[in-house]
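See structure below.
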Amino acid sequence: MNAWQNVAARLRRLFGTLGEAHRAQAVNTAEAELRELQHVFALLVMGQAVGLPSPPAQITLALLPEMEDELRLLLDRIDTAQAPFSELYSTFPVD
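Using the working numbering, read the sequence shown as starting at 373 and increasing by one per residue.
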């Protein structure tokens with residue numbers, strides 16, 4: 373009977389590990405989907421920057437607080453676009 377308990381304990385550990393792996397994969401998939409939805413949202417709101425029809429100004433202004441992170445990223449990219457080596461130097465410690 374002791375051997376059966378050993379097998380049962382190993383199976384419980386195996387299924388527990390499989391469950392953790394599936395949960396981690398589900399979280400990673402949900403996070404990737406969230407990032408893609410944020411990109412689509414930013415494109416819909418700020419689409420005039422790339423030539424897409426823009427929503428009415430009142431709607432765009434109402435949605436701007438939701439796009440704070442995207443706007444900061446956009447401004448950072450604009451700053452480094454003029455001097456591409458500045459991003460490299462800010463990443464690596466250069467003395």
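The beta carbon of each residue, even a glycine, is placed where N, CA and C say it ideally should be.
Please read all numbers here as calculations on a predicted model, not as lab measurements.
Following the DSSP letters along the chain, one finds Ala429 inside the alpha helix (DSSP H) bounded by residues Ala429 to Leu435. By the Cβ criterion, the stretch 422-429 is not in contact with the stretch 400-410, since fewer than three pairs of Cβ atoms, one from each stretch, lie closer than 8 Å. Secondary structure note for Glu408: its alpha helix (DSSP H) is the uninterrupted segment Asn374 to Val417. Remark: C-beta atoms of Val422 and Leu435 do not approach each other more closely than 8 Å. In the three-state reduction of the DSSP assignment, Leu424 falls in the coil class, being assigned neither a helical nor a strand state.
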